[in-house]
Amino acid sequence: MEAKKRKISIIGSTGSIGRQALEVIEKLGDKFEIVALAGGNNVELLKKQAEKFKPKYICSNAASSRAGESWGEGLTILHGTEGLEQICSNKENDIILVACSGKVGLRPTLTAIKNGIDIALANKETLVMAGDIVMSEAKKYGVNIIPVDSEHCAIHQCIKDINQVDKLIITASGGPFLHKSIEDMKNATVEQALAHPRWNMGKKITVDSATLMNKGLEIIEAHHLFGFDYDDIDVVVHPQSIVHSAIEYVDGSVIAQLGLPSMHIPIQYAITYPERFEGIKSKSFSFSEIARLDFEKPDYEKFPTVKLAYETGRTGGTATVCMNAANEEAVFAFLDGKIKLYNIYEITKKMCDEHKVIHNPTIDEIFAVDEQIRGKTKEYIAKFS
Ligand SMILES: NC(=O)c1ccc[n+]([C@@H]2O[C@H](COP(=O)([O-])OP(=O)(O)OC[C@H]3O[C@@H](n4cnc5c(N)ncnc54)[C@H](OP(=O)(O)O)[C@@H]3O)[C@@H](O)[C@H]2O)c1
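Add 2 to the 1-based position in the sequence shown for my numbering, that's all there is to it.
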């Protein structure tokens, strides 16, 4: 008897994670049926993906595309946030990969959860902005949130009995400035910040990896995904990116997950969970080829973003919403050449220090704070030139 195909939709199919997910799905042959593909502005790529993968629905956010227009027979065109809502409330889906960047991911994720659809979650902002709400809704509706981020995917793979785990250990490659001076970092060009030594990712997350804010966001994600106190989440720098993260059990045993640095593996794990397939594997892992694994303490003076993430995470409420919004606006300003790399932290810290935290915020309050902080950050950045 033919095995049932898993039905999947991808939000952010035109991005780095989305494109790699389609490569994984292509490799897996007849294991998946694509219900919907959604992208932002890259309509040309979305059209090509639609021709190749034949989804039933396509959703674009581009001004040049409209709901209801024709891109081919049997294909329904959706548009914008309404379109994303339609995709995420379609119970045909067994799983939805949320791989868009930014706050766009939050509402569709909540909609999918309310419709009982499992989530493969790449979008960090969803948990950083509203981790308490998202995780409690997932529990209420019996939905699995399977992490795609390589560190959280590693922890997910290591944990057998969460009650016996003492500590999570998140690894960080250290980014392009790991062994550079603070001065080098201060004067870094956009090109240098985007030259990540290990991972090829979207621009926003690549800059976050250069400032180590990405690790800060991951600490907050880990807190929500696995329910660990911030005191029990450690960060260790591991430049080779082979150990993707680890856990320490109460008896001192440490279990780590290792693999070559490729996002294909965690993406495949998340969308096929709990099954495993050869799929995208191209070569066998060899300890002797890797030869050495290094670990070092993070330099919190050079990378104060990690401390800031611990602080806002411990404060909770809208503190992490503020940090996320201010950081994102500052990253965009850096990419536009308006500020220096080091200003990203200074601006984000200032916004966090001035923010009046709302505890236990509603989703609407979260979005309102996000808007307000973005506006305030942009105003502040305008004074920099
Ligand atoms: N890349 C990685 O290795 C990696 C690893 C772990 C976690 N993540 C997380 O995964 C998320 C995506 O990262 P990425 O590197 O793949 O980013 P990316 O390459 O910049 O891709 C972002 C995707 O989001 C889409 N998008 C933007 N606005 C949209 C909207 N309003 N509606 C629908 N789609 C929209 C983009 O569409 P267009 O391109 O068509 O505009 C694109 O498909 C981020 O939250 C990131 O932190 C990424």
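C-beta: ideal position from N, C-alpha, C; glycine also.
Beta strand (DSSP E) segment containing H246, residue limits: For the purposes of this step, residue 246 is taken as residue 244 along the sequence shown, with counting starting at 1. Run containing H246: 245 to 251, per the beta strand (DSSP E) assignment.
Identity of the residue in K54, Q22, L99 nearest I273 by Cα: For the purposes of this step, residue 273 is identified with residue 271 of the sequence shown, where counting begins at 1. Nearest of K54, Q22, L99 to I273, Cα basis: L99.
Inter-residue Cα distance where the pair is I383 and C102: By one-based count along the sequence shown, residue 383 stands at place 381. By one-based count along the sequence shown, residue 102 stands at place 100. So the alpha carbons of these two residues sit roughly 25 Å apart.
Evaluate contact between the segment 338 to 349 and the segment 218 to 231, counting only Cβ atoms and requiring at least three cross-stretch pairs below 8 Å. no
Measuring alpha carbon to alpha carbon, tell me which of P276, V256, V245 ends up nearest F297. For the purposes of this step, residue 297 is identified with residue 295 of the sequence shown, where counting begins at 1. Residue V245 is the option with its Cα nearest to F297.
Can you find at least 3 beta carbon pairs, one from the segment 154 to 171 and one from the segment 298 to 314, that sit closer than 8 Å? Contact fails: fewer than three Cβ-Cβ distances are below 8 Å.
D151 CB to nearest heavy atom of ligand 2 below 7 Å: Ligand 2 is absent from the structure shown, which contains only ligand 1.
For the segment 16 to 23 against the segment 38 to 47, do three or more pairs of beta-carbon atoms, one drawn from each stretch, fall closer than 8 Å, so that the two count as touching? yes
Does at least one heavy atom of ligand 1 sit under 7 Å from the Cβ of C354? Position 352 of the sequence shown, counted from the start, is the residue given in the question as residue 354. C354: no, Cβ never under 7 Å from ligand 1.
Can you say whether V239 is buried or exposed, counting buried as having 16 or more other CB atoms within 10 angstroms of its CB? Sequence index remark: in the sequence shown, residue 239 carries index 237 (1-based). With 16 or more other Cβ atoms within 10 Å, it is buried.
List the endpoints of the continuous beta strand (DSSP E) containing C61. Translated into the one-based positions of the sequence shown, residue 61 becomes position 59. Taken as a continuous stretch (DSSP letters only), the beta strand (DSSP E) holding C61 covers 59 to 62.
Closer than 7 Å: is that where the CB of V130 sits relative to any heavy atom of ligand 1? Mapped onto the sequence shown, residue 130 falls at position 128. Because no heavy atom of ligand 1 lies under 7 Å away, the Cβ of V130 does not count as near it: no.
Which parts of the segment 158 to 182 are runs of the alpha helix (DSSP H), unbroken and 4 residues or longer, counting only runs that do not cross its ends? None, since the segment 158 to 182 contains no complete alpha helix (DSSP H) of that length.
Considering Cα atoms alone, identify which of Y251, L112, M187 is closest to I147. Counting from 1 along the sequence shown, the entry for residue 147 is found at position 145. For the residues Y251, L112, M187, the minimum Cα distance to I147 belongs to L112.
Apart from the five residues on each side of it in sequence, which residues of its chain come closer than 8 Å, Cβ to Cβ, to F336? As a working mapping, residue 336 is identified with position 334 in the sequence shown. Contacts found: V192, A195, V209, K342, L343, N345, I346.
Closer than 7 Å: A101 CB and nearest ligand 1 heavy atom: Locating residue 101 in the sequence shown gives position 99, where the first residue counts as 1. True, at least one ligand heavy atom lies under 7 Å from that Cβ.
Which value, in whole angstroms, describes the spacing of the CA atoms of G261 and R376? In the sequence shown, the residue the question calls residue 261 occupies position 259. In the sequence shown, the residue the question calls residue 376 occupies position 374. About 38 Å.
For A124, verify whether its CB is less than 7 Å away from any heavy atom of ligand 1. The sequence position of residue 124 within the sequence shown is 122, counting from 1. Yes - ligand 1 has a heavy atom lying nearer than 7 Å to the Cβ of A124.
Starting from S11 and walking both ways along the beta strand (DSSP E), at which residues does that stretch end? Looking up residue 11 in the sequence shown gives position 9. Segment 8 to 13, the beta strand (DSSP E) holding S11.
Can you give me the Cβ contacts of A124 inside the same chain, cut-off strictly under 6 Å, excluding the 5 residues immediately before and after it? Residue 124 sits at position 122 when you count from the first residue of the sequence shown. So the qualifying residues of the chain are I19, A101, V150.
Distance CB(K93)-CB(I119) smaller than 8 Å: Sequence index remark: in the sequence shown, residue 93 carries index 91 (1-based). Sequence index remark: in the sequence shown, residue 119 carries index 117 (1-based). Yes, these two residues count as a Cβ contact at 8 Å.
Whole alpha helix (DSSP H) runs in the segment 36 to 122 with 4 or more residues, listed along the chain? 45 to 55, 82 to 90, 108 to 116
If you drop the 5 nearest sequence neighbours on each side, which residues of the same chain put their C-beta closer than 7 Å to that of Y312? Taking the first residue of the sequence shown as position 1, residue 312 is located at position 310. These residues qualify, in order along the chain: I221, Y232.
So, at 6 Å on beta carbons, what are the nonlocal neighbours of Q270 in its own chain, with the 5 sequence-adjacent residues on each side left out? Position 268 of the sequence shown, counted from the first residue, corresponds to residue 270. Excluding sequence positions up to five before and after Q270, its CB lies within less than 6 Å of the CB of V26, G281, I282, all in the same chain and listed in chain order.
So the candidates are M265, I292, Q88, P306; which of them puts its Cα closest to the Cα of I184? In the sequence shown, residue 184 corresponds to position 182, counting from 1. Considering only alpha carbons, the answer is P306.
Please indicate yes or no: does the CB of S18 lie closer than 7 Å to some heavy atom of ligand 1? If you number the sequence shown from 1, residue 18 lands on position 16. Placement of the Cβ of S18 at a distance of less than 7 Å from at least one heavy atom of ligand 1 is found.
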